[in-house]
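Since the structure comes first, as structure tokens, the remarks are kept for the end.
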Amino acid sequence: MSIGRDLQSAIFRKGLFGHRPVVPTEPSALAEAAHRAMSKEAWAYVAGGAGQQRTVAANTAAFDHFRLVPRMLANVETRDLRTTLFGVDMPAPLMLGPVGVLELAHPRAEHEVAAAARATGIPMVISTQASVPMEDVAADLGDTPRLYQLYWSKDESIVESFVRRAEAIGSDALVVTLDTHMLGWRTRDLDLGYLPFARGLGIAQYTSDPAFRALVDERIAAGSGMSVRPGLREIPAALSAVASMAQHHPGKVVESLRSGHARAAVETFLDVFSRSDLIWDDLDRLREMTDLPIVLKGLQAPEDARRALEHGVDGIIVSNHGGRQVDGAIASIDALPSIVDEVDGRIPVLFDSGIRSGADILKALALGADAVLLGRPYVYGLALAGAAGVQAVVEHMIAELDLSLGLVGCRSADEIGRELLG
Numbered sequence: 001m002s003i004g005r006d007l008q009s010a011i012f013r014k015g016l017f018g019h020r021p022v023v024p025t026e027p028s029a030l031a032e033a034a035h036r037a038m039s040k041e042a043w044a045y046v047a048g049g050a051g052q053q054r055t056v057a058a059n060t061a062a063f064d065h066f067r068l069v070p071r072m073l074a075n076v077e078t079r080d081l082r083t084t085l086f087g088v089d090m091p092a093p094l095m096l097g098p099v100g101v102l103e104l105a106h107p108r109a110e111h112e113v114a115a116a117a118r119a120t121g122i123p124m125v126i127s128t129q130a131s132v133p134m135e136d137v138a139a140d141l142g143d144t145p146r147l148y149q150l151y152w153s154k155d156e157s158i159v160e161s162f163v164r165r166a167e168a169i170g171s172d173a174l175v176v177t178l179d180t181h182m183l184g185w186r187t188r189d190l191d192l193g194y195l196p197f198a199r200g201l202g203i204a205q206y207t208s209d210p211a212f213r214a215l216v217d218e219r220i221a222a223g224s225g226m227s228v229r230p231g232l233r234e235i236p237a238a239l240s241a242v243a244s245m246a247q248h249h250p251g252k253v254v255e256s257l258r259s260g261h262a263r264a265a266v267e268t269f270l271d272v273f274s275r276s277d278l279i280w281d282d283l284d285r286l287r288e289m290t291d292l293p294i295v296l297k298g299l300q301a302p303e304d305a306r307r308a309l310e311h312g313v314d315g316i317i318v319s320n321h322g323g324r325q326v327d328g329a330i331a332s333i334d335a336l337p338s339i340v341d342e343v344d345g346r347i348p349v350l351f352d353s354g355i356r357s358g359a360d361i362l363k364a365l366a367l368g369a370d371a372v373l374l375g376r377p378y379v380y381g382l383a384l385a386g387a388a389g390v391q392a393v394v395e396h397m398i399a400e401l402d403l404s405l406g407l408v409g410c411r412s413a414d415e416i417g418r419e420l421l422g
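The opening residue of the sequence shown carries number 1 in UniProt numbering; numbering runs sequentially from there.
Okay, here's the thing in structure tokens:
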């Protein structure tokens with residue numbers, strides 16, 4: 001197979017007739033184009049991070065700490081990127097990571113991302129903060145593998161309901177995100193005074209959930225209203241916010257406004273997201289709920305990897321949430337080697353935060369990751385060209401990974417190791 005050369009040749013051949021790639025292949029050009037295409041609120045939410053953005057910057061800059069040493073005369077005419085994780089066959093060691101509120105980038109949100117996943121065969125991790133209910137995303141995915149990312153709600157009935165729904169849609173694993181039990185100090189969003197969830201965006205998993213809806217009904221029956229009343233000058237903005245809540249709530253807009261369900265759903269969500277009192281022993285309770293593989297996302301310390309092994313988890317994702325939670329945190333790629341050493345092959349170790357190219361993927365694999373999750377780049381593709389944009393970003397990543405694999409002297413992901421790094 002020659003995925004990289006085939007795509008490279010196709011782009012150059014189309015260039016003879018004046019065509020250009022669907023989205024830019026150069027990472028900074030991709031981001032700049034998406035910036036121009038997105039609203040200021042959408043760009044702040046997707047591209048922004050915590051505090052002074054130091055962790056966001058570190059995540060990408062830290063890849064320069066690791067340099068590849070190509071080997072020659074290795075007969076790499078054919079190459080194979082296929083791998084298997086959690087019993088799932090994958091065409092490449094790559095997944096589409098969970099990103100919330102995708103409707104900020106494209107009105108069809110997860111529908112478009114699922115179409116791209118289906119076209120490429122790349123597994124998709126469905127977010128708890130999705131803009132589309134998981135059942136609809138699963139229908140779009142067809143036979144394409146899917147995992148479900150779980151934010152642990154303050155209400156246990158919602159947690160169990162989410163788990164049951166994840167099982168019902170054929171999830172191959174539960175990805176429990178640990179590092180966002182409260183929102184980080186996200187200065188770009190704060191300066192705009194913009195939280196999408198407060199306007200009804202990104203809460204489709206909740207408004208489609210029977211346990212959550214029961215809480216909303218209880219809230220309405222109790223007569224709970226808005227805790228803050230707008231002043232005269234604030235009324236236009238408040239009306240706009242309420243209209244947004246109704247537009248993003250299931251059912252007819254007029255009925256959502258009249259009944260108060262849309263506003264009650266938003267306030268209920270803000271009450272139940274998320275829990276900061278969880279401890280390691282709570283994982284045992286989750287294990288009692290499901291037989292699905294449990295993967296912990298957000299680990300940076302080898303000591304936490306050790307605890308994860310003690311509690312019998314099935315996988316780890318080394319991640320700092322793309323720099324969105326703690327300003328000045330260790331770059332995710334710098335955290336990867338020590339966690340890989342701690343795990344020592346007993347369970348899969350995946351990686352995210354900072355991947356911008358196929359060469360970045362190769363470095364993560366060389367440091368011991370079994371696969372990587374892609375985040376912001378595919379959202380940029382979504383903003384620029386919907387499903388076609390996401391598909392193009394994924395194909396560009398895989399093509400560069402394939403070419404880089406051969407250029408450093410390897411024929412498969414199994415041959416990648418730290419000996420490739422200088």
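In this text, a Cβ means the ideal position worked out from N, Cα and C, and glycines have one as well.
Given the structure is predicted, the values throughout are model-derived calculations rather than measurements.
Can you list, in chain order, the residues of its chain with a C-beta nearer than 8 Å to that of D209? Leave out the 5 residues immediately preceding and following it. I158, S161, F162 and R165
Are there 16 or more other CB atoms within 10 angstroms of the CB of R376, so buried, or fewer, so exposed? buried
Runs of alpha helix (DSSP H) lying entirely within the stretch 33 to 110, each at least 4 residues, in chain order: 40 to 47 and 54 to 61
With a 10 Å radius around its C-beta and 16 neighbouring C-beta atoms as the bar for buried, classify residue 425 as buried or exposed. With the chain covering only 1 through 422, there is no way to say anything about residue 425.
Here's the rule: buried if 16 or more other CB atoms are within 10 angstroms of the residue's CB, otherwise exposed. What is I316? buried
In whole angstroms, give me the CA-to-CA distance for T207 and G223. 19 Å
Just to confirm, is the Cβ distance from S358 to A399 under 8 Å? A small correction: the amino acid at residue 358 is Gly; Ser does not occupy that position in the sequence shown. In this structure, A399 lies closer than 8 Å to G358 by Cβ.
Assuming A364 and L336 are in contact, meaning their beta carbons sit under 8 Å apart, how far apart are those beta carbons, in whole angstroms? 7 Å
Start and end residues, beta strand (DSSP E) containing Y148: R146 to L150
Less than 6 Å between C-beta atoms, sequence neighbours within five positions excluded: which residues of the same chain meet that for V175? V125, L147, Q149, V295 and K297
Quick test of your reading: P93 and A413, contact by CB under 8 Å. State the CB separation rounded to the nearest angstrom. 5 Å
Using only alpha-carbon positions, find the residue among L421, V113, I220 and P302 that is nearest to A265. I220
Quick check: does the Cβ of R324 come within less than 7 Å of any heavy atom belonging to the ligand GDP? For the structure depicted, the ligand GDP is absent and the ligand set is empty, with no information on it obtainable.
Indicate the three-state DSSP secondary structure (helix, strand or coil) for L403 in the structure shown. helix
Taking E303 as the reference, which of R188, D284 and V340 has the closest Cα? V340
Determine the extent of the alpha helix (DSSP H) in which M289 is found, giving its start and end residues. D282 to M289
Three-state secondary structure assigned by DSSP to A389: The sequence shown places Gly at residue 389, not Ala. Residue state, collapsed to three classes: helix.
Whose C-beta lies closer than 6 Å to the C-beta of T83 among residues of the same chain, with five residues either side of it excluded? M90, P93 and A413
Quick test of the definition: if touching needs 3 or more C-beta pairs under 8 Å, does the stretch 57 to 74 touch the stretch 319 to 330? yes
Distance check for V101 and P196, CA to CA, integer angstroms please. 7 Å
Could you check the C-alpha separation between P98 and F12 for me, to the nearest Å? 33 Å
With C-beta atoms as the reference, is A50 less than 8 Å away from G202? no
Quick one: any contact between the stretch 391 to 408 and the stretch 127 to 145, if contact means 3 or more CB pairs under 8 Å? no
Would L374 pass as a contact of L68 if the rule is Cβ separation under 8 Å? no
So, using beta-carbon positions, are R324 and A366 closer together than 8 Å? no
Residue environment, H19, which counts as buried when at least 16 other CB atoms sit within 10 Å: exposed
Close Cβ partners of M245 (< 7 Å) along its chain, the five nearest in sequence each way excluded: R199, G200, A262, R263 and V266
Does the Cβ-Cβ distance between A116 and Q391 come in under 8 Å? yes
Among the residues of its own chain, which have a CB less than 6 Å from the CB of S338, if the five just before and after it don't count? P302
Which one of I361, G193 and A204 has the shortest CA to CA distance from D136? A204
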